[in-house]
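Numbering (UniProt numbering), first residue to last: 1 to 464. Ideal Cβ placement from N, Cα and C applies to all residues, glycine included.
Listed below in structure tokens is the structure:
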């Protein structure tokens, strides 16, 4: 029965993914490869490239006197200096050549992420598995090489139709470069190593700031190695930015730019919970443009702002409470990857502004869960929730009604479904894992034994 269930899920994923690829993703890939001459093509990357070229010519990196500089979505550079420092080696007025190079970097990062996940979950005989089998005595959800090959191919297919990644590639964003670090963090946490997670958080935070909220997980669990490694990684990248530019610009960013950034964009590309709820309350807004940046604070009434903020606070508070409760009973060696898998969707939902390309980061927790989740009766609910969460992330606007006819509430629900569904899938997994671990005695407590025919524990043999 489990094989039939697995086959049905695979068929649904293939059919849905193929539809999504044909209807949405292929045009984006074509545009990315051709480097089109549309004036809005690669707008963010072209903007950042030109800012760095101007900086090399003596202009300031942060021109805060520009109109709407601090508004979300404004056409200015407002990331920390290390991002601009990375661009400074190749920045050129002939931006197409630079764009092609960074597009290749993004594609290479995606392939590297797949290799890391596959190698880390199939080529090992000793592992602290964060998702124990519900009925089998093995700590690995699967050990058959054929199953490993099938799942590896499945992850590659999922990766090829991951719409947020192609959105990131179409804009040459940095998020794809974070994926290998996150993949290493999941696998390292699975093996009890905390510092890799810290490096991933610290490095990504020094480049784009918003991942810094992920440090709350290690902080609450008092994983000091992770926090220390994150601080070191962040300082190293900031020092790199200062070496390319100056420490004055680094301090200027953190003292004069970052504290003034704010607002909640009502643009459809903002997939945060506050942005979507605010958009549903405000109703139809004029289209976003270079001179008009619709925000909840500028268009919403005081009642709209209050209702949106209180509602999101209550929902996010409930999600955090559930997260803490399902994680608390798990053994420490199982908690790390599940916590990170819960934290990433929460981060994107809780941030005031969370652009579509940010959801590129959700590929790693989704792929990890796909590779680790057992095909067992006890985990069927988790598989269903995972599948539901994947559909909007690979189909995205294919599931929406025709453009111009959608309602704000539909946009709010459909665009948050991927992140919320993935969080829910990890909640289900944590709940089942907790019950499984509690009911299996010591069979999941010893993770240092090699897999093999003698892997069964005393409980499995009927001993007490």
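- Between the segment 221-232 and the segment 178-197, the count of Cβ pairs shorter than 8 Å is three or higher; the stretches touch.
- For residue 309, the enclosing alpha helix (DSSP H) starts and ends at 302-327.
- Here the alpha carbons of residue 357 and residue 90 stand approximately 23 Å from one another.
- Per DSSP, reduced to three states, the secondary structure at residue 162 is coil, with no helix or strand assignment.
- The beta strand (DSSP E) runs of length 3 or more contained entirely in the segment 323-397 do not exist; there are none.
- Secondary structure note for residue 197: its alpha helix (DSSP H) is the uninterrupted segment 195-208.
- In this structure, the alpha-carbon of residue 101 lies about 29 Å from that of residue 64.
- In this model, residue 73 and residue 264 are separated by some 10 Å (Cα to Cα).
- Residue environment for residue 306: exposed (fewer than 16 other C-beta atoms within 10 angstroms of its C-beta).
- With the rule of 3 Cβ pairs closer than 8 Å, the segment 201-215 does not count as touching the segment 50-61.
- Looking at the DSSP output, residue 295 bridges to 265.
- The segment 422-429 and the segment 331-344 touch, with three or more beta-carbon pairs separated by less than 8 Å.
- Here residue 334 is buried. Its C-beta has 16 or more other C-beta atoms within 10 Å.
- With a 10 Å radius around the Cβ and a threshold of 16 neighbouring Cβ atoms, residue 247 comes out exposed.
- In the DSSP assignment, residue 81 falls within the unbroken alpha helix (DSSP H) covering 81-88.
- Between residue 186 and residue 118, the alpha-carbon positions lie close to 12 Å from each other.
- A straight-line Cα-Cα distance of about 11 Å links residue 277 and residue 270.
- Secondary structure of residue 49 (DSSP, three-state): helix.
- Leaving aside the five residues that flank residue 46 on each side, the residues in its chain whose CB is nearer than 8 Å to its CB run, in chain order, 95 and 99.
- For the pair of segments examined, the segment 165-183 was found to touch the segment 344-362: the number of CB pairs separated by less than 8 Å reaches three.
- Straight-line measurement puts the Cα of residue 325 at about 21 Å from the Cα of residue 311.
- Straight-line spacing of the CA atoms in residue 382 and residue 369 works out to 10 Å.
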